[in-house]
Every structure is written in C-alpha cells, then in structure tokens.
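Residues 42 to 660, numbered by the numbering used here, are exactly what the sequence shown covers, in order.
Think of the CB as a built atom: it goes at the ideal place given N, C-alpha and C, for glycine as much as any other residue.
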Amino acid sequence: MSPREKASAWRSPALPVGPDVPVWAPQAARVSLHLPVTDEVVPMEAREGGWWVSPRSLPTGTDYAYRLDDGDDLPDPRTAWQPHGVHGPSRVFDTSQVRWTDNHWRGRDLLGAVIYELHAGTFTPEGTLDSAAQRLDHLAALGVDIIELMPVAGFPGRAGWGYDGVDLWAVHEAYGGPESLARFVDAAHNAGIGVCLDVVYNHLGPSGNYLGRFGPYFTEVHETPWGSAINYDQPGCEQVRAFIIDSALRWLTDFHIDALRLDAIHEIRDDADRATAVDPHPHLLAELSDAVRELSERLGRPLSLVAESDLNDPGVVTPTRAEPPFRIPSIGMTAQWTDDVHHALHARITGETQGYYADFAAPEALKHVYERAFLHDGGWSSFRNRTWGAPVPAGTDPRRFVVFDSDHDQIGNRAAGDRPSASLTDDLVAAEAALILLSPFTPMLFMGEEWGTRRPFQFFTDHAEADLAQAVTQGRRDEFASFGWSADEVPDPQDPSTVEASVLDWAEPLQPAHARMLAWYRDLIVLRRRLRLGERALWPELRDTGDVIVLTVPARPGRDDPELIVAIDLTRADGRRRTDLAGLVPNTDELDLALSWLGTPARGELLRSADTIALIRPV
Numbered sequence: 042m043s044p045r046e047k048a049s050a051w052r053s054p055a056l057p058v059g060p061d062v063p064v065w066a067p068q069a070a071r072v073s074l075h076l077p078v079t080d081e082v083v084p085m086e087a088r089e090g091g092w093w094v095s096p097r098s099l100p101t102g103t104d105y106a107y108r109l110d111d112g113d114d115l116p117d118p119r120t121a122w123q124p125h126g127v128h129g130p131s132r133v134f135d136t137s138q139v140r141w142t143d144n145h146w147r148g149r150d151l152l153g154a155v156i157y158e159l160h161a162g163t164f165t166p167e168g169t170l171d172s173a174a175q176r177l178d179h180l181a182a183l184g185v186d187i188i189e190l191m192p193v194a195g196f197p198g199r200a201g202w203g204y205d206g207v208d209l210w211a212v213h214e215a216y217g218g219p220e221s222l223a224r225f226v227d228a229a230h231n232a233g234i235g236v237c238l239d240v241v242y243n244h245l246g247p248s249g250n251y252l253g254r255f256g257p258y259f260t261e262v263h264e265t266p267w268g269s270a271i272n273y274d275q276p277g278c279e280q281v282r283a284f285i286i287d288s289a290l291r292w293l294t295d296f297h298i299d300a301l302r303l304d305a306i307h308e309i310r311d312d313a314d315r316a317t318a319v320d321p322h323p324h325l326l327a328e329l330s331d332a333v334r335e336l337s338e339r340l341g342r343p344l345s346l347v348a349e350s351d352l353n354d355p356g357v358v359t360p361t362r363a364e365p366p367f368r369i370p371s372i373g374m375t376a377q378w379t380d381d382v383h384h385a386l387h388a389r390i391t392g393e394t395q396g397y398y399a400d401f402a403a404p405e406a407l408k409h410v411y412e413r414a415f416l417h418d419g420g421w422s423s424f425r426n427r428t429w430g431a432p433v434p435a436g437t438d439p440r441r442f443v444v445f446d447s448d449h450d451q452i453g454n455r456a457a458g459d460r461p462s463a464s465l466t467d468d469l470v471a472a473e474a475a476l477i478l479l480s481p482f483t484p485m486l487f488m489g490e491e492w493g494t495r496r497p498f499q500f501f502t503d504h505a506e507a508d509l510a511q512a513v514t515q516g517r518r519d520e521f522a523s524f525g526w527s528a529d530e531v532p533d534p535q536d537p538s539t540v541e542a543s544v545l546d547w548a549e550p551l552q553p554a555h556a557r558m559l560a561w562y563r564d565l566i567v568l569r570r571r572l573r574l575g576e577r578a579l580w581p582e583l584r585d586t587g588d589v590i591v592l593t594v595p596a597r598p599g600r601d602d603p604e605l606i607v608a609i610d611l612t613r614a615d616g617r618r619r620t621d622l623a624g625l626v627p628n629t630d631e632l633d634l635a636l637s638w639l640g641t642p643a644r645g646e647l648l649r650s651a652d653t654i655a656l657i658r659p660v
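Quick look at the structure:
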C-alpha cells in the first residue's frame, strides 16, 4: 500500500496542550519546571514516548520555564505566550477563555477570493493587531474577502518580517500576544472578512531557537539555505511532524483562522514517502492537507492551505489521493502563489529585465503565464541554468493560482524596498491593478497598494546580539553589491529608521491622487464581484500587440455570464491618440463600457493612450 492510500485521519502522537504543560524531551534524564515568580522548582513526571508533565496544573497567567537535566531555563516549545521575548519564560494561556462573538461565521472559500496581505507591525503606526483591527472598515469597504497576515509567530526583538520565528505556537508579543490575535480574527469575521495566517515550517530563526535542546527536531541529512533542516523523515520525526501539524490545526481551531499560507514549501525536506523508507508515510504537507480537510468537514466551514513554491510543479495543488503529475508528491494544497505571473507582468509594465526577469521579457511571456500559469513549465530557465517545471494539466482550476503585482517579497527583497508605484505613472499602476483584479485567478493585494502609496516596504530586523545584527547588516549589503548598489544606498535592517520608513501613512488615502486610485481599486473589485469572476474557473485569453494588451475572460457555458474584455493601451502619446479595437476584438459595437481609468471615451474611440478599460459583452 502506497502512503497516499493509507487512512488519512490525523491521530497526533503528542500529548494534548493543557495546564500540566507537557513537553517532549526524549533525551533528558530529568525535567524540572521552574516558576520564576516564586523561584519554585517542580520535578516533572515522565510519560511514555519521552514526554514529561507537571504534577499539578498551572493557572492561566502563570510564568514557567523548563530545566533539562538541571540546565538553564528554557521556554516551552509549544508556548502560546512569550511576554518576556523569545529567551524568557513562557506564560500559560487558555484559548478556551477567549470571548468569541463570531458564532455566525461560516467561513470563506479562498478560491477566487480577494486577498489582502499585511504586516501587523507596519500596517498602522501603533504596529499591533488591535490597531490593525481599527482599519477593518477600510478593508471591508475596499471589498477584501480574506486578510493574509504575515507571520505572527514569536520572533526575536520587536520589529521584523517574522520569517525568523522560533516560537511557532505563540503570537509575537509586540503585536499584542495571543489574545490580540483572537480579538483581531473575531473582529474580522464580524466585518465579513476571513483571516489567513502566514506560517513558516521550513526553518526556524537563529536567535531563541531552543528546539534542538529538547529533542531531534533537526537533521543534518538535509540542508536548507538556513542550515540543518527540520527533521521530517529521520529517527524521532514522528513527534516533530506532530509538533508542526498540531500547531497548524490549533491556529484553525483555537484561533478560528480560515487559511494558512505556507512559506517556501520547496525547502521542506521530507523523503519519508519514498518506497525505500523504513517507515513510509505521506509527505508532511500531504498529511497536513488531509488533516485540514477532515477538520474542515468536522467544523463545517471551509479551511484552506496556500503554498509558496518555486517548483512550478502542479503536484502542489493536486489532491493527495491522485497520482503525482510530475516530480513531487501530490500534496493537496488549496492554492499556490504564482510568481511567474508577477514576473511577467512586472517585466512587461516596468521594462526591468535583470536577474530572474530576463526570461519574462520575452514578447509572449505575459500571454503564456495568463493562459498557463507557469512560464517555466518544462522549458529552459536561464536564471536556474536548467529546464524547470511542468505544464499545468488541462482542467485545472485557474483559481488555484494566487496572483499579484505586489507582495512582501517582490517589494521588500529589492535593495531599497521600493514599490512599483515609486517609479510607474498612475496610469500604469491602474493597468496592473486591472490585470490582477479582473483575472480569473485568485488575486492578492499588498497593503497600501490600493491607494498607490509610494512608501517603501524594506527589510528590517531587531536582533539584540551584536554579532548577529552585524551579520544581517553586512549580508544585506553584500547581497546587493553585485547589482551595483553601494552600502550607503542599502537600508540597514537594524536601523530603526528602516522600519519607520515602511509604516503606512493613513493620511495618504485622503489626498486627491491617492483617493482616485483607491476608488479605482474599489470599482475593480465591485466589477469583479458583479461579474462573478471568482466563480468562473475558466482560463483567460490574452493578446499583446506591443502597444495594446487585451485580456478576455470567457463566459461559463450554459450560464448567464457576460464576457469580460480588459483593454490597455500602453503607448505614451500626448493623450489624443485613439485605438480602434475592432482589429483586436470582434464586434466591438456589441460591447458595453464598464470601467475606464481615464473616463468614458467618445463613441467609436474605445481606447486612448495610457487608458485601461473594462468592456462587457452582454449575454
């Protein structure tokens, strides 16, 4: 029997989280509980499988730490609350005491939804989840369906992106801790918005990472860009896998989260599903997918998993019980981020062709990704210097691909963290927005893009260790030196001004130019919803003449959907040039104008330079 044919019901081997604060420490001869407020040391009791439990329950709010074989105090690997930072003691938190008011919430299907990615620390000047909740009215008015929170798991310092988290069960204290996350989710649901949480299961950060002291959480059999891999397939991996899967399920249950975005799954190393394995079992992510599907059925609301993957392998979104279409196992993700669409759109609109944008500058690149999702689908990748990816099988739902013209990576991993709006005209920003929001994919926005903010989103950290701080700063400078950037031009991640520069300015949407852009985004989302683009599940057609881009979203057979045509004139004339679309779009006299960036054009002059229009062919 193959791994994917086995029963998929998740049965965790871990002890349940509770007031006896269980901890897995299979290599320890003694484990003690230190209560720092009273300085009491309580010997813990051994249980089967390397587990230890407290002989008495700890009430909510109690600070505690573990001592392994009389060593130093260590925080709980499954801590929910780290009020003193990643190096300090843990604090008991009982999620059952949260006062929820979202009993009416029935969930939100992620496929076809409008997603809005935000960083809790820079979304508002206060940088907390409670302050972010005060802006939910803005997101509801914009038409957002699901908020995607960048990682909130506990990480070192106050400020950071969160991808160097070390407390994977906790909520970063500077954001408000676990109760603040619960309040945010509750408020979002009451505003009609779902919440997706970004989680990192491919590595842990270097500061505050104590997992290796407790057990075989890491292995040197596999390597990642961050060093030793998390142990998903070597001896002792059963409890490590449970540590991750149980954490994911806890976010979905105890915190009412609707979806999880899994960071860089191509760096999750798990070979345990191979026939040569001693104890074959499904790939970690396939096992997680099955567990989440079963949980969704039990809770009676949709739950989604979204993968970030650079593999261009359709196995990512193939159901777990189906045969893998290419190299990787079928892991059953709901959807995956599709960088190829971003790269092709970015190269086409901005003209940037350096680095990995080179292949995407080809004349047919934009058409290819809109009609097939991946540019590298078995062909040559010059950036990787090898063939890459595989075609998306016919019949695949295009909504399984999350598309965007901005996200935290594509902005923050630029040397200066500059947004497209910093160098593009408003006309081009409006064009990009239309090509994303009026596509049949699942669109995602990045905070502030809806009003065309030009404030950067830069890479920032807050490491207290001088050697680590210097390494991060120097590493950032070295990374961009090869692209011609001097050290003075690259923002220092450790400088407080770097994070301050990245905070959104909420006075901007009130300014005329920004208000106009915000109205455009709202109108696009209203049109998307009116035309039920998020329900069509049909691939588009795209034509690019060099001057004009025409995106066509077909109507569903047998339905009363109108055909949608998005036409963009990219020429930079004096504004008086007119393009007759008759040669590109049949029967233009049948079309109704739904939206125009530059205003309703005169009859017979359907498109003028720098304009973006949405045309509808009625049923």
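Check                                                                                                                                                                                        : Outcome
On a Cα-Cα basis, can you pick out the residue from Arg310, Trp65, Gly59 and Leu572 that is closest to Pro257?                                                                               : Trp65
Tell whether a beta-carbon distance below 8 Å holds between Ala376 and Val410.                                                                                                               : no
Compute the Euclidean distance between the alpha carbons of Phe445 and Leu152, then round it to the nearest angstrom.                                                                        : 14 Å
Could you name the residues that DSSP lists as bridge partners for Ala554?                                                                                                                   : According to DSSP, Ala554 bridges with nothing at all.
Roughly how many angstroms lie between the CA atoms of Asp171 and Asp418, to the nearest whole one?                                                                                          : 43 Å
What are the complete alpha helix (DSSP H) segments, minimum 4 residues, inside the region 480-527?                                                                                          : 507-522
Can the beta-carbon of Trp122 be found less than 8 Å from the beta-carbon of Arg108?                                                                                                         : no
Tell me Gly346's beta-bridge partners as DSSP assigns them.                                                                                                                                  : Residue 346 is actually Leu in this sequence, not Gly. Leu301, per the DSSP bridge assignment.
Would you kindly work out how many angstroms separate the C-alpha atoms of Arg618 and Val193, rounded to a whole number?                                                                     : 50 Å
From Gly249, Ile187 and Glu582, pick the residue whose C-alpha is nearest to that of His213; which is it?                                                                                    : Gly249
Output the residue ranges of the beta strand (DSSP E) runs that lie fully inside the region 85-131 and measure 3 residues or longer, sorted by chain position.                               : 86-88, 92-94 and 104-109
Please go through the same chain and pick out, in chain order, the residues whose beta-carbon is closer than 7 Å to the beta-carbon of Ala48, but skip the five residues on each side of it. : With a pLDDT of 47 at Ala48, under the threshold of 50, the predicted position of this residue should be treated as unreliable, and no value is reported.
If Ala228 sits next to Leu177, beta carbons under 8 Å apart, how far is it from one beta carbon to the other, in whole angstroms?                                                            : 6 Å
With a threshold of 6 Å on Cβ separation, who are the neighbours of Thr163 within its own chain once the five nearest residues in sequence on each side are excluded?                        : Ser543 and Val544
Considering only residues of the same chain and omitting the five flanking positions on each side of Pro44, which have a CB-CB separation below 7 Å?                                         : A caution first: Pro44 carries a pLDDT of 40, below 50, which makes its placement in the model unreliable, though a value can still be read off. Answer for Pro44: Asp314, Pro321, His322 and Pro323, listed in chain order.
Here's the rule: buried if 16 or more other CB atoms are within 10 angstroms of the residue's CB, otherwise exposed. What is Arg339?                                                         : exposed
In whole angstroms, what is the alpha-carbon distance linking Ala327 and Ala50?                                                                                                              : 12 Å
Use the C-beta contact count for Pro219: other C-beta atoms within 10 angstroms, 16 or more gives buried, fewer gives exposed.                                                               : buried
In the DSSP assignment, what are the bridge partners of Leu634?                                                                                                                              : Leu656
Can you give the Cα-Cα distance for Trp580 and Pro276, rounded to whole angstroms?                                                                                                           : 45 Å
Can you check which of these residues, Thr103, Val58, Ser73 and Pro60, is closest to Thr79 by C-alpha distance?                                                                              : Thr103
Write down the C-beta distance between Asp59 and Ile566 rounded to the nearest angstrom, noting that I regard them as a contact closer than 8 Å.                                             : It is worth fixing the name first, because residue 59 is Gly in this sequence and not Asp. The Cβ separation is near 43 Å, so there is no contact.
Checking the sheet assignment: what are the DSSP bridge partners for Tyr157?                                                                                                                 : Ile188 and Leu486
What does the Cβ neighbour count give for Asp601, buried or exposed, with the cut at 16 atoms within 10 Å?                                                                                   : exposed
Of all the options Tyr157, Trp202, Ala69 and Trp92, which has the alpha carbon lying nearest to the alpha carbon of Asp186?                                                                  : Tyr157
With a cut-off of 8 Å on the beta carbons, I'd call Thr653 and Ala475 a contact; round off their distance for me.                                                                            : 5 Å
Among the candidates Asp438, Ala548 and Gly201, whose CA atom is the shortest distance from the CA of Thr359?                                                                                : Asp438
Could you pull the DSSP bridge partners for Ala608 from this structure?                                                                                                                      : Val591 and Ile654
Alpha carbons only, please: which of Arg563, Arg597 and Leu583 is nearest the one belonging to Arg667?                                                                                       : Residue 667 lies beyond the residue range present for the chain, which begins at 42 and ends at 660; the question has no answer from this structure.
Give a yes or no on whether the C-beta atoms belonging to Leu568 and Leu479 are separated by under 8 Å.                                                                                      : yes
Alpha helix (DSSP H) containing Ala215: first to last residue?                                                                                                                               : First-last for Ala215: undefined, no H or E at that position.
Sorted by chain position, which residues of the same chain lie with C-beta nearer than 7 Å to Glu261's C-beta, five sequence neighbours on each side aside?                                  : Ser269
Comparing alpha-carbon positions, which option in Phe424, Val433, Glu604 and His384 lies nearest Glu412?                                                                                     : Val433
Can you check which of these residues, Arg282, Asp304, His263 and Phe196, is closest to Phe238 by C-alpha distance?                                                                          : Looking at the sequence provided, one finds Leu at residue 238 rather than Phe. Here the closest residue by C-alpha is Asp304.
What is the residue span of the alpha helix (DSSP H) that His244 lies within?                                                                                                                : Where His244 is concerned, there is no enclosing alpha helix (DSSP H), given that its DSSP letter is neither H nor E.
Skipping 5 residues on each side, what residues in its chain have a beta carbon closer than 7 Å to that of Glu46?                                                                            : At Glu46, the pLDDT of 46 sits below 50, so the modelled position is not reliable; the number obtained from the coordinates is stated separately. Same-chain partners within the cutoff: there are none.
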